[in-house]
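**Student:** Note that numbering that gives the first Met the number 0 gives residue 46 to position 47 of the sequence shown, counting from 1, and the numbers run on in steps of one. Just so you know, even glycine gets a beta-carbon here, dropped at the ideal spot from N, CA and C. Quick one: this structure, given as C-alpha cells, is what I'll be asking you about.
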Amino acid sequence: MNKLALLVSFGFLGACANLGSQPPVPVTSPVVQAFRDICLQTAPSFAEAHRIARQHGITELTDMGFATIGFNADKSLSIQVKASHECVVTSEPQQDDSLTRQLLSAAAINAGTTVPRKVPVKMMIAGQPFILMHDREGGEAFVMLKPE
Numbered sequence: 000m001n002k003l004a005l006l007v008s009f010g011f012l013g014a015c016a017n018l019g020s021q022p023p024v025p026v027t028s029p030v031v032q033a034f035r036d037i038c039l040q041t042a043p044s045f046a047e048a049h050r051i052a053r054q055h056g057i058t059e060l061t062d063m064g065f066a067t068i069g070f071n072a073d074k075s076l077s078i079q080v081k082a083s084h085e086c087v088v089t090s091e092p093q094q095d096d097s098l099t100r101q102l103l104s105a106a107a108i109n110a111g112t113t114v115p116r117k118v119p120v121k122m123m124i125a126g127q128p129f130i131l132m133h134d135r136e137g138g139e140a141f142v143m144l145k146p147e
C-alpha cells in the first residue's frame, strides 16, 4: 500500500510541475517585439497603438468602424486594434518554436508577474484583465483580448 501512495504522490507532483511558471526567455522575434510594443505597452486603452505600429513599418491604417486594421508595405505584418478591447498582431508563419514562450515572457514583464507555461492565459496588464493567445494556424497571430 505504501508503494501505491508513493506512486500517487509522485503523479500529483508531476502534474503540479506543469502548472505555475517557467523561466523567462529573451524576446528576439521582430513579430513578438511588435506585439510587445504595439499591444502590451499601450494597454489597456491601446490609444497609442497606431503611432507605435508606424514605428514597426505598419503605415497603411484603415478604420473599419469596428476596429482599425493596418499592414506594412509587403503585408507580412499586420495589426487589428479595437480601442480598450482588443489588439492583435499577425505575421507570416515563422520557423521559431520559442514564439509562444517569448510572448509569455514579454507579457509577464508587462504584468510584473511570473511567466505562465501556456496559452491561452488570463493576466492583469496595466490593472486590467486580458486574455492572451498565440495561434499558429496559417501564420502567427498574437492576440490580446479583454474578457467580456
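How big is the Cα-Cα spacing for F129 and P119?
**Tutor:** Roughly 10 Å between the two C-alpha positions.
**Student:** Would you mind working out which of L39, A72, Q93 sits nearest V142, comparing C-alpha positions?
**Tutor:** Here the closest residue by C-alpha is L39.
**Student:** I need the DSSP call for D134, collapsed to helix, strand or coil.
**Tutor:** Residue state, collapsed to three classes: strand.
**Student:** Taking the beta carbon of H55 as the centre, do at least 16 other beta carbons fall within 10 Å, making it buried, or is it exposed?
**Tutor:** So H55 counts as buried.
**Student:** Within the continuous alpha helix (DSSP H) that includes L103, where are the two ends?
**Tutor:** Looking at the DSSP string, the run of the alpha helix (DSSP H) that includes L103 is 98-110.
**Student:** Which of helix, strand or coil does DSSP assign to F34?
**Tutor:** Helix at F34.
**Student:** Got a sec? Which residues, its chain only, sit under 8 Å from V26 by beta carbon, not counting five neighbours each side?
**Tutor:** Closer than 8 Å at Cβ, skipping near neighbours: Q32, R35, Q101, S104, A105.
**Student:** I'd like the span of the beta strand (DSSP E) that includes A48, first residue to last.
**Tutor:** Unbroken run through A48 is the alpha helix (DSSP H), 48-54; no beta strand (DSSP E).
**Student:** If you drop the 5 nearest sequence neighbours on each side, which residues of the same chain put their C-beta closer than 6 Å to that of P43?
**Tutor:** The answer, listed in chain order, is A125, Q127.
**Student:** Sort out for me which residues DSSP pairs M122 with in a bridge.
**Tutor:** Its beta-bridge partners are F129.
**Student:** Please state whether DSSP places Q79 in a helix, a strand or coil.
**Tutor:** Strand at Q79.
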